[in-house]
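Participant: Could you have a look at this structure, given as structure tokens, before my questions?
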Amino acid sequence: MPFTSTDHTHMAQALRLAEKGLFTTDPNPRVGCVLVKGDQVVGRGWHHAAGQPHAEVLALQEAGAAARGATAYVTLEPCSHQGRTPPCTGALIEAEVGEVVAAMVDPFPDNAGHGLELLTRAGIQVRSGLMEAQARELNCGFVSRFERGRPWVRVKLAISLDGRIAGPDRKSQWITGAAAREDTQRWRARASALLTGIDTVLADDPSLNLRLSGIDRQPLRIIADSRGRTPSDAKLFSLPGKVLIATTVEPPWQLDGVEWWRLEGDDHGRVCLRSLIHGLADRQVNELHVEAGGVLAGALVAAGLVDELLIYQAPVIVGDGPAMLELPGMEKFAQRLHVNEIESRRIGSDRRVILRLKDE
């Protein structure tokens, strides 16, 4: 059956509900559900956090007996497996809903179409694919983890008008203004993990933590440190949250809350970035937020491991400082990288541009 304008209205509401979990559901997907009977919305729900009830269950609880014969608009195929919570397919079948409209099929292999199949077998009408692009965008990292075996990788860069991340004296605090730095916190908050390089740790001693009012969780902080040079008294070790140090050597020291992750080296003896990024999928990392210098950021781009560039450009010119990306092996104009501009907007006195890399 074709989707109507009413279908779109209700799914759009379900997607808005799902967005409420943008900072809190990790490593689970962000999911919203709206139950409609006739022309009345009788139940709403959204997944708040891993281990808590799923969106469908909360919508059914609100609807009560009115759920019988209703249409459930859900942004992701209802789960059919027992995890930390019971399967949502069972709850929908028990409530005797009449129809389920899903924005997209769940990429999680244990579900992946099975939930919709169980609902169909139970006599519930099923439709899927409504506003699928928006649903996939909302859960780009969750989708990437299961479809590509790696997280969605977003590199944040704060640059001057002349494309530099610091001045000739290597000073960079602060290129961008307070509004841009506050905006960065929201991008950190939606990530499973934050990645930086050892050069940034040694030069800036960053906290790399999440400082957003109302959000208690701390994303995993990761340092790419091939030779084990991270000092044990670095600032980030004194802050709440876990730290993972990716290296190629034996750990030089141990601290509670710090894990040394030994990986294979590349041809130059540095941590193999492909092994690092793909290995993070096994650690349930959906979205990886990178805040690093031009060497690590450029190496990730050159390796084809970056999906999105989040660039804050300040109205300043700093001169001959380090470039925002150092791209090894790029020596000719013909090797240029092509990007799609997703968004450009002003954040305080700065401009935020979101770019996605594409093959061409």
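Counting from 1, position 281 in the sequence shown corresponds to residue 281 in this note's numbering; the numbering is continuous, with no gaps.
We put the CB at the ideal spot given by N, CA and C, even for glycine.
1) Do you know how far the Cα of L337 is from the Cα of E360?
2) Check whether the region 164-175 and the region 315-328 are in contact - that is, three or more C-beta pairs closer than 8 Å.
3) What is the C-beta distance between R136 and V143, in whole angstroms, given that I count them as a contact (C-beta under 8 Å)?
4) Could you give the uninterrupted runs of the beta strand (DSSP E) lying entirely in the region 29-66, keeping only those of 3 residues or more?
5) Where does V301 fall in DSSP's three states?
6) To the nearest angstrom, how far is the alpha carbon of A50 from that of N28?
7) Go through its chain and collect everything with a Cβ distance to R170's Cβ below 8 Å, but skip five positions before and after it.
8) Check E360 in the structure and name its three-state DSSP category.
9) Counting C-beta neighbours from all protein chains within 10 Å, is the total for I222 16 or more, i.e. buried, or is it exposed?
10) Would you call the CB atoms of A189 and I215 closer than 7 Å?
11) Under the rule that 16 or more other beta-carbon atoms within 10 Å means buried, what is L161, buried or exposed?
12) Just verifying my parser: in three-state terms, what is the DSSP assignment at W187?
13) Going along the chain, which residues of its own chain have a beta-carbon closer than 6 Å to the beta-carbon of R351, five neighbours each way excluded?
14) Verify whether the separation of the beta carbon atoms of R229 and T247 is less than 7 Å.
15) Taking its Cβ as the centre, do 16 or more other Cβ atoms sit within 10 Å of G113, making it buried, or is it exposed?
16) Quick check: E308 and R186, are their CB atoms within less than 7 Å of each other?
17) So, are the CB atoms of L58 and G45 less than 7 Å apart?
18) Between the region 281-291 and the region 323-335, do three or more beta carbon pairs fall short of 8 Å?
19) Per DSSP, what kind of secondary structure is L327 in: helix, strand or coil?
20) Considering only residues of the same chain and omitting the five flanking positions on each side of E205, which have a CB-CB separation below 7 Å?
21) Once you ignore the five residues that flank T24 on each side, which residues in its own chain have a CB closer than 8 Å to its CB?
22) In chain order, which alpha helix (DSSP H) runs of at least 4 residues are fully inside the region 251-319?
23) K156 by DSSP, collapsed to three states: which one?
24) Buried or exposed: which applies to M1, given that a residue is buried once 16 or more other Cβ atoms fall within 10 Å of its Cβ?
25) Tell me the rounded alpha-carbon separation between L244 and G177.
26) Since T89 is in the alpha helix (DSSP H), which residue starts that stretch and which ends it?
27) Quick check on this structure: which residue in T75, W152, V306 has the alpha carbon closest to the alpha carbon of R16?
28) By how many angstroms is the C-alpha of L92 removed from the C-alpha of E56?
Facilitator: A quick look at the data gives this:
1) Only weak support exists for where E360 lies, its pLDDT of 48 falling under 50; the value from the coordinates is given anyway. Spanning the two alpha carbons is a distance of roughly 8 Å.
2) Taking a cut-off of 8 Å on C-beta distances, the region 164-175 touches the region 315-328, as three or more cross pairs fall below it.
3) Indeed they touch by this definition, with Cβ atoms about 5 Å apart.
4) Taking only runs of at least 3 residues, the beta strand (DSSP E) segments lying wholly in the region 29-66 are 32-37, 40-46.
5) Reduced to three states, the DSSP call for V301 is helix.
6) Distance between the alpha carbons of A50 and N28 is about 6 Å.
7) If the five residues before and after R170 are omitted, its C-beta is found closer than 8 Å to the C-beta atoms of A203, G321, P322, all from its own chain and listed in chain order.
8) Low confidence applies here, because E360 scores a pLDDT of 48, under 50, leaving its location unreliable and the question unanswered by this model.
9) Looking at its Cβ environment, which holds 16 or more other Cβ atoms inside 10 Å, I222 is buried.
10) At a Cβ-Cβ threshold of 7 Å, A189 and I215 count as neighbours.
11) Around the beta carbon of L161, a 10 Å sphere encloses fewer than 16 other beta carbons of the protein chains shown; the residue is thus reported as exposed.
12) In the displayed model, W187 falls within a helix according to three-state DSSP.
13) Excluding positions up to five away in sequence, the list reads Q313.
14) When the beta-carbon positions are compared, R229 and T247 stay at least 7 Å from each other.
15) G113 is exposed by the Cβ-count criterion.
16) Contact: no.
17) Yes, the Cβ-Cβ distance between L58 and G45 is below 7 Å.
18) Not touching, per the Cβ criterion.
19) Looking at L327 - three-state DSSP - the assignment turns out to be coil, as it is neither helix nor strand.
20) Per the sequence shown, residue 205 should be read as Asp rather than Glu. The answer, listed in chain order, is A234, K235.
21) If we look at T24 and ignore the five residues flanking it on each side, its Cβ neighbours are H48, A49, I215, R217.
22) Counting whole runs of 4 or more residues, the region 251-319 contains the alpha helix (DSSP H) stretches 273-282, 294-302.
23) Note: K156 maps to strand in three-state DSSP.
24) M1 counts as exposed, since fewer than 16 other beta carbons sit within 10 angstroms of its beta carbon.
25) Those two C-alpha atoms are separated by around 29 Å.
26) Following the DSSP letters along the chain, one finds T89 inside the alpha helix (DSSP H) bounded by residues 88-95.
27) Nearest option by C-alpha distance: T75.
28) Each residue's alpha carbon lies about 8 Å from the other.
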